[in-house]
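Participant: The structure follows.
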Amino acid sequence: MRLVPTKLIRPGIELAKPIYDAHGRILLQKNMQLTESMIDRLKNSGVTYVFTRDEDTEDIMVHPPIPDQQRVEAIQKIKETFRSLKFEDLTKNNYLLDKAAFKLDQLVKEIAKELSENEEVIHYLSDLLIIDDYVYTHSLNVSMYTLALAQELNLKNKDMEQLGLGAVLHDIGKIVIPEEVLNKPGKLTNMEFKIVQAHTEYGFDLLRKAHNIPLLVAHCAYQHHERLDGTGYPRGIKEDDIHPFARIIGVADVFDAVTSNRTYRDAMLPHEGLEILYGGAGTQFDIHLVEAFKKTIALYPNGLTVYLSDGREGVVARQNSQMFDRPVVRVLKENGSKVKPYDLDLTKVLDVLIVNTDQFITSR
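Per the UniProt record's numbering, residue 1 is the first one in the sequence shown, and the count goes up by one each step.
Structure (structure tokens):
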């Protein structure tokens, strides 16, 4: 299968994976041939990439960190849980928060189990769904990235569970933010930005008052936007004053934010998202966390079209666990001319580099 930007899709292309709508229902079935109207709908709905089928890449597989249907159900569970709290006076009813936390704690345990049984790195998550509410998908993605990083760091199971709960609840304070501000398609005003920033304090106030939610989970909501150099918010605290769990979630949060599709910009690819993290490594983020996080993701996901420095073009066929930026590429063209497909292991030809992807080509 191929991971193709919707900008490049043409009528007649066949889907390799289903597309779900914002309610978790299958919108477009696997093996369906796309029509012009279907393609327009995908573009207008903010779908950046889809997986497609063709003979040359039929054997290239992508194994999601958790099964697609389970992921869709998890997003719906988060959505229902957050919305059940949205219009309640939680300052007077801590029971509702505890009940919500119990549901999400069970979800975290299921995700952790799936990740521990799946030895593959996490491939591209900005596909599969037509999103109307970014917060819920973001909460799930951040919890998956956080748990994968926690496993790479060899954290204890109890710490992983609390960290995972902190990750899935890190944006709970956004239930207080007006939706017209939270989902504004354009640039926020200074006042609107301050309103959004307040979600960290709202989240902390909500979670710390719950009877059965560990206080450090509340601190994850409070501190995940703090940065090592003091440039974060809400308090501008530095280094060891930031809880280690919040520093871990901060890495996952930024990565998912820049690699997710939004109404005002297209999603970055994983290698571009990692460049953002490395740009802040040592100043905003712990270097060792960024290095560890790199080992949990596919920088160039399977199915992605790549352009090599020697004029060859192809599709990423599989990953190399020891050299994450040098996958195996299914070569389909040489200097613009089609060739019989063959696999090129970039760890064996160190003078050949990936220089472009379809995302770069279509954005120029």
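The beta-carbon is built from N, C-alpha and C at its ideal position, and this holds for glycine as well.
1) Considering only the alpha carbon of each residue, which of Asp-240, His-243, Ile-276 and Thr-259 lies closest to Met-268?
2) To test your reading of the DSSP string, which unbroken beta strand (DSSP E) runs of 3 or more residues are found completely within the segment 53-118?
3) Count the other CB atoms, across all protein chains shown, that sit within 10 Å of the CB of Gly-164; report buried if there are 16 or more and exposed otherwise.
4) From the DSSP output, in three-state form, read off Val-121 for me.
5) Have a look at Gln-76 and Arg-312 and give me their C-alpha separation to the nearest angstrom.
6) Using a 10 Å radius around the Cβ and a threshold of 16 neighbouring Cβ atoms, would you call Leu-215 buried or exposed?
7) What distance in whole Å lies between the Cβ atoms of Pro-327 and Leu-350, which are believed to be in contact at a cut-off of 8 Å?
8) Given a threshold of 16 other Cβ atoms within 10 Å of its Cβ, counted over all protein chains shown, does Gln-162 qualify as buried or as exposed?
9) Note down, in chain order, each residue of its chain lying with its Cβ closer than 7 Å to the Cβ of Pro-18, except the 5 sequence neighbours on either side.
10) If we count the other Cβ atoms within 10 Å of its Cβ and call it buried at 16 or more, is His-170 buried or exposed?
11) Quick check on this structure: which residue in Glu-272, Lys-338, Thr-200 and Gly-282 has the alpha carbon closest to the alpha carbon of Lys-238?
12) Val-72 to Met-144, Cα distance in whole Å?
13) Secondary structure at Ile-354, three-state DSSP: helix, strand or coil?
14) What do you reckon, are the CB atoms on Gly-303 and Phe-82 nearer than 8 Å?
15) If I'm right that Val-62 touches His-23 with Cβ under 8 Å, what's the distance once you round it to whole angstroms?
16) On the criterion of 16 or more Cβ atoms from any shown chain inside 10 Å, does Glu-226 qualify as buried, or is it exposed?
17) Please decide whether Thr-137 counts as near chain C, where near means a Cβ-Cβ distance under 8 Å.
18) Residue range of the beta strand (DSSP E) that Asp-343 falls in?
19) Can you give the Cα-Cα distance for Asn-190 and Asp-253, rounded to whole angstroms?
20) Below 8 Å between beta carbons: does that hold for Ala-221 and Gly-173?
21) Excluding the five sequence neighbours on either side, which residues of its own chain have a C-beta within less than 6 Å of the C-beta of Ile-213, listed in chain order?
22) Could you spell out where the beta strand (DSSP E) holding Leu-269 opens and where it closes?
23) Restricting to Cα atoms, I'd like to know which of Val-316, Lys-295 and Leu-299 is closest to Thr-305.
24) Suppose you measure from the CA of Arg-41 to the CA of Val-47; what does that come to, to the nearest Å?
25) Could you pull out every residue in the same chain whose Cβ sits closer than 6 Å to the Cβ of Ile-13, ignoring the five residues on either side in sequence?
26) Please report how far the alpha carbon of Ile-248 lies from the alpha carbon of Gln-151, in whole angstroms.
27) Where does the unbroken beta strand (DSSP E) through Leu-308 begin, and where does it stop?
28) Give me the residue from Ser-321, Asp-286 and Val-290 with the minimum Cα distance to Pro-301.
Facilitator: Looking at the coordinates:
1) Translated into positions along the sequence shown, residue 268 becomes position 268. The shortest Cα separation from Met-268 among Asp-240, His-243, Ile-276 and Thr-259 belongs to Thr-259.
2) none
3) Counting from 1 along the sequence shown, the entry for residue 164 is found at position 164. By the neighbour-count rule (16 or more Cβ atoms within 10 Å), Gly-164 is buried.
4) Along the sequence shown, read from residue 1 onward, the residue named residue 121 stands at position 121. Three-state result, Val-121: coil.
5) Taking the first residue of the sequence shown as position 1, residue 76 is located at position 76. Taking the first residue of the sequence shown as position 1, residue 312 is located at position 312. About 42 Å.
6) Here residue 215 is taken as the residue at index 215 of the sequence shown, counted from 1. Exposed is the call here.
7) The residue given as residue 350 occupies position 350 in the sequence shown. The residue given as residue 327 occupies position 327 in the sequence shown. Contact flag wrong, Cβ pair sits at about 13 Å.
8) Translated into the one-based positions of the sequence shown, residue 162 becomes position 162. Result: buried.
9) As a first step, residue 18 must be located in the sequence shown, where it is residue number 18. The answer, listed in chain order, is Ile-26, Leu-28, Gln-29 and Lys-30.
10) Residue numbering aside, residue 170 sits at position 170 when the sequence shown is read from its first letter. The residue in question, His-170, is buried, as its Cβ has 16 or more Cβ neighbours within 10 Å.
11) Taking the sequence shown and counting its residues from 1, the one referred to as residue 238 is at position 238. Taking only the C-alpha atoms, the option nearest Lys-238 is Gly-282.
12) Reading the sequence shown from its first residue, position 72 is the one you call residue 72. Reading the sequence shown from its first residue, position 144 is the one you call residue 144. Their backbone Cα atoms lie some 13 Å apart in a straight line.
13) Looking up residue 354 in the sequence shown gives position 354. If DSSP states are grouped into helix, strand and coil, Ile-354 belongs with the strands.
14) Residue 303 sits at position 303 when you count from the first residue of the sequence shown. Residue 82 sits at position 82 when you count from the first residue of the sequence shown. For Gly-303 and Phe-82, no; Cβs fall outside 8 Å.
15) Residue numbering aside, residue 62 sits at position 62 when the sequence shown is read from its first letter. Residue numbering aside, residue 23 sits at position 23 when the sequence shown is read from its first letter. Val-62 to His-23, Cβ: 24 Å. No contact.
16) Mapped onto the sequence shown, residue 226 falls at position 226. The residue in question, Glu-226, is buried, as its Cβ has 16 or more Cβ neighbours within 10 Å.
17) Protein chains in the displayed structure number just one, and chain C is not present.
18) Here residue 343 refers to the residue found at position 343 of the sequence shown. Where Asp-343 is concerned, the enclosing beta strand (DSSP E) stretches over 337-345.
19) Within the sequence shown, residue 190 is the residue found at index 190, counting from 1. Within the sequence shown, residue 253 is the residue found at index 253, counting from 1. Rounded to the nearest angstrom, the two C-alpha atoms are 22 Å apart.
20) In the sequence shown, counting from the first residue as 1, residue 221 sits at position 221. In the sequence shown, counting from the first residue as 1, residue 173 sits at position 173. In contact: Ala-221 and Gly-173 (Cβ atoms closer than 8 Å).
21) Here residue 213 refers to the residue found at position 213 of the sequence shown. Correct list, in chain order: Ala-101 and Leu-207.
22) Taking the first residue of the sequence shown as position 1, residue 269 is located at position 269. Note, Leu-269: premise wrong, no beta strand (DSSP E); not H, not E.
23) Within the sequence shown, the letter at position 305 stands for residue 305. When each option's Cα is compared against that of Thr-305, the closest is Val-316.
24) Here residue 41 refers to the residue found at position 41 of the sequence shown. Here residue 47 refers to the residue found at position 47 of the sequence shown. Arg-41 and Val-47: Cα-Cα distance of roughly 9 Å.
25) Here residue 13 refers to the residue found at position 13 when the sequence shown is read from its first residue. Closer than 6 Å at Cβ, skipping near neighbours: Leu-34 and Thr-52.
26) Numbered from 1 along the sequence shown, position 248 holds the residue referred to as residue 248. Numbered from 1 along the sequence shown, position 151 holds the residue referred to as residue 151. So the alpha carbons of these two residues sit roughly 12 Å apart.
27) Along the sequence shown, read from residue 1 onward, the residue named residue 308 stands at position 308. Note, Leu-308: beta strand (DSSP E), 305-308.
28) One-based indexing of the sequence shown puts residue 301 at position 301. Ranking the options by Cα distance to Pro-301, first place goes to Ser-321.
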